[in-house]
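The next block holds one structure in the form of structure tokens; read it before the comments.
Number of protein chains: 2
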Amino acid sequence: MKSRFAPRAQPPYWAVIFTNQRTDDDADGDAAMAELMAALAERQPGDLGAESTRDASGLGITVSYWRSEDDIHAWRRHVEHAAARDNGRARWYRHDELRVARVERAYGWDVADGAAPPAGTGWDLA
Amino acid sequence: MKSRFAPRAQPPYWAVIFTNQRTDDDADGDAAMAELMAALAERQPGDLGAESTRDASGLGITVSYWRSEDDIHAWRRHVEHAAARDNGRARWYRHDELRVARVERAYGWDVADGAAPPAGTGWDLA
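Going line by line, the protein sequences match chains A and B.
Going by my numbering, the first sequence opens with residue 1, and the numbers climb by one from there.
Going by my numbering, the second sequence opens with residue 1001, and the numbers climb by one from there.
This is the structure:
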């Protein structure tokens, strides 16, 4: 099974944080749009992967990661050309918030690393 | 019902993106930890809200928003003092990735705004 975590990358890189509340209208359509956007991203220069989840109430968060801001602009134009934008807004989401952010630091931990993260990793943000 | 979207804020501000895979061990404990962390965040200086969701497989994404990087550091120390960190890692998560990012631009849309977002909003990232 493909990992649902994006591969680790060296900061700085960029993140597009997309939080959205699905309408009840078209669950299948929403899944299709998410797949379309993911497929479009995977073929784009600078794609560093994405993480996505949605709960039973329809609240979803998708974060896609990019090498540069220019890569995000190119992806956006690509998505727009596929006409996903307005359809998505009109039919699949009730509310959404999109943020473009520059990732300055990143930390990961896996159960295989042991129960106590080494000093200087994980939540050690200072 | 309290909105599950963070209130809109003027960039630049900061985001902590926390993607995590829950173990099967302790769903109640995880919910308690999420509530604890959210409660701790709400009492912290610089808190700009948070968005959080988790699917049935246990993959969760929580994004908390902060006025400054210093506010994130202070929150982290506060959480650590509450001893949530190591317990969370040891018992509740199988894998997690944490990223600290500076939000440069933000866009929102609600169904009440109409089906077609005005030019210059939403996905108009350029």
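Where a beta carbon is used, it is the ideal one built from N, C-alpha and C, also for glycine.
Notebook entry, point to check: When the Cα atoms are used, what is the spatial distance from Asp-113 (chain A) to Trp-1066 (chain B)?
Noted result: 29 angstroms
Note to self: Please report the straight-line C-alpha distance between Ala-1009 (chain B) and Thr-1023 (chain B), rounded to a whole angstrom.
What the structure shows: 34 angstroms
Margin query: Going by C-alpha to C-alpha distance, which of A:Pro-11, A:Gly-49, A:Ile-17, A:Arg-102 sits closest to Phe-5 (chain A)?
Written below: A:Gly-49
Notebook entry, point to check: Looking at Arg-102 (chain A) and Ala-1106 (chain B), is the spacing between their C-beta atoms short of 8 angstroms?
Noted result: no
Notebook entry, point to check: Does Trp-66 (chain A) come within less than 8 angstroms of chain B when only Cβ atoms are used?
Noted result: Cβ-Cβ to chain B under 8 angstroms: no for Trp-66 (chain A).
Next item on the list: Kindly indicate which residue of A:Ser-68, A:Arg-54, A:Ile-61 has the alpha-carbon position closest to the one of Gln-44 (chain A).
Entry: A:Ser-68
Note to self: By alpha-carbon positions, which one of A:Lys-2, A:Ser-52, A:Asp-110 ends up nearest to Ala-15 (chain A)?
What the structure shows: A:Ser-52
Margin query: Would Asp-96 (chain A) and Asp-1055 (chain B) qualify as a contact pair, given that the criterion is a beta-carbon distance under 8 angstroms?
Written below: It is not a contact, given that the beta carbons lie outside the stated cut-off.
Next item on the list: Could you tell me which of B:Ile-1072, B:Asp-1110, B:Asp-1070 sits nearest to Arg-94 (chain A), measuring between CA atoms?
Entry: B:Asp-1110
Notebook entry, point to check: Between Glu-42 (chain A) and chain B, is there a C-beta pair that is closer than 8 angstroms?
Noted result: no
Margin query: Less than 8 angstroms between CB atoms is the rule here; does Leu-1098 (chain B) satisfy it with respect to chain A?
Written below: yes
Next item on the list: Express the C-alpha separation of Glu-1042 (chain B) and Ala-1126 (chain B) in angstroms, rounding to a whole number.
Entry: Since pLDDT at Ala-1126 (chain B) reaches only 33, below the 50 mark, its modelled position is unreliable, and no value is offered.
Checklist line | Chain-ordered residues of the stretch 45 to 56 of chain A with a beta carbon less than 9 angstroms from chain B | finding: Glu-51, Ser-52, Thr-53, Arg-54, Asp-55, Ala-56
Next item on the list: Would you please verify whether the beta carbon of Trp-1109 (chain B) is less than 8 angstroms from any beta carbon of chain C?
Entry: The question asks about chain C, but that chain is absent: this structure's protein chains are A and B.
Check: If we ignore side chains and look at the alpha-carbon of each, how far apart do Glu-1002 (chain B) and Leu-1059 (chain B) end up?
Finding: The identity of residue 1002 (chain B) in the sequence shown is Lys, whereas the question assumes Glu. Using only the alpha carbons, I get a separation of about 23 angstroms.
Check: Hey, is Arg-102 (chain A)'s beta-carbon within less than 8 angstroms of any beta-carbon in chain B?
Finding: yes
Notebook entry, point to check: Does Ala-74 (chain A) get closer than 8 angstroms to chain B when you measure Cβ to Cβ?
Noted result: no
Check: Given Arg-99 (chain A), which residues of its chain have a CB within under 7 angstroms of its CB, disregarding the five upstream and five downstream residues?
Finding: Ile-17
Check: From what residue to what residue does the beta strand (DSSP E) around Val-1063 (chain B) run?
Finding: 1059 to 1066
Check: At which residues does the beta strand (DSSP E) containing Gly-1049 (chain B) begin and terminate?
Finding: Element bounds for Gly-1049 (chain B): 1047 to 1054.
Notebook entry, point to check: Are Val-1063 (chain B) and Ile-61 (chain A) touching if we call contact CB-CB under 8 angstroms?
Noted result: yes
Check: Is the distance from the Cβ of Glu-104 (chain A) to the Cβ of Pro-11 (chain A) below 8 angstroms?
Finding: yes
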